[in-house]
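So the sequence shown is numbered by this note's numbering: it starts at 916 and just counts up by one. Structure first, commentary second.
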Amino acid sequence: MANNLSFELFKEIKDKEGRYIILKGKILNSVLTFVCIYAPPNSPKSFFKDLFDLISVEADGICICAGDLILNYNLDTTTQTRWKTHISRHLNLTLEETGLVDVWRLLHPRQLLGLPITRTPPSSWTSGSPSLLVLLAPSTSLSRSSLEYA
C-alpha cells in the first residue's frame, strides 16, 4: 500500500506459527480483508480447512489473499517429485467452494511466475508462483479478459 493511503485497522488475526495473518479494515470507506498466507510444502489438509473456515467467518468486504500457495504442483514447483498433488486438488476445491479465484493463475494458466515454461527450470528458481486470490461477490463474474484491463 502507498504510504499516503490511510488504512483503518479493525482487527488482526495471526497464526501462532507465522503461517498467516488476517487484517480487516477500511480504505476510503471500503471495507477490506487482507490475508497473507505461507503454506509450507508439508502443510496438512487440516491447515487449509481450518484457515479457509476462518477466512469464511472473518472476511468482510472485499477479501484479498496473497501468498506462496502451491495450487498446481505441475506448474508451481520445480521439483521432479510431484508427491503433493492431492493437497493442491483439495485446496483448489476449497477455493471453489469459498468463491476465491487465483487471479495470477487465471491470467497465466501455463506459466511459472512470469517465466516461460521450459523443460529444465532455471537453477535460481526455488519457489512456486505467487497466488493472488480474490473473493468475489456471488453475482460477480471474473474472466481473464476482465482482469487484463482492470
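By construction, the Cβ of each residue, glycine as well, lies at the ideal position given by its N, Cα and C atoms.
(message) So Asp975 and Val950 are supposed to be a Cβ contact under 8 Å. How far apart are they, rounded?
(response) Here residue 975 corresponds to residue number 60 of the sequence shown, with the count starting at 1. Here residue 950 corresponds to residue number 35 of the sequence shown, with the count starting at 1. Contact flag wrong, Cβ pair sits at about 12 Å.
(request) Measure the C-alpha to C-alpha separation of Ile928 and Ile936 and round it to an integer number of angstroms. (result) Taking the sequence shown and counting its residues from 1, one reaches residue 928 at position 13. Taking the sequence shown and counting its residues from 1, one reaches residue 936 at position 21. Those two C-alpha atoms are separated by around 6 Å.
(request) Measure from the alpha carbon of Leu1006 to the alpha carbon of each residue in Asp968, Asn918, Cys978 and Lys941, then state which is nearest. (result) Along the sequence shown, read from residue 1 onward, the residue named residue 1006 stands at position 91. For the residues Asp968, Asn918, Cys978 and Lys941, the minimum Cα distance to Leu1006 belongs to Asp968.
(request) Going by CA-CA distance only, name the one from Ser961, Asn957 and Cys978 that's closest to Thr1013. (result) In the sequence shown, residue 1013 corresponds to position 98, counting from 1. Closest option to Thr1013, Cα to Cα, is Cys978.
(message) So for Lys960, helix, strand or coil by DSSP?
(response) Counted from its first residue, the sequence shown places residue 960 at position 45. DSSP places Lys960 in helix when its eight states are reduced to three.
(request) For Tyr960, I'd like the list of residues in its chain whose CB is within less than 6 Å of its CB, leaving aside the five on either flank, ordered along the chain. (result) Your numbering for residue 960 matches position 45 in the sequence shown. First, the residue type needs correcting, since residue 960 is Lys and not Tyr in the sequence shown. Only His1005 meet the Cβ criterion.
(message) Can you list, in chain order, the residues of its chain with a C-beta nearer than 7 Å to that of Lys926? Leave out the 5 residues immediately preceding and following it.
(response) Within the sequence shown, numbered from 1, the residue matching residue 926 stands at position 11. These residues qualify, in order along the chain: Lys939.
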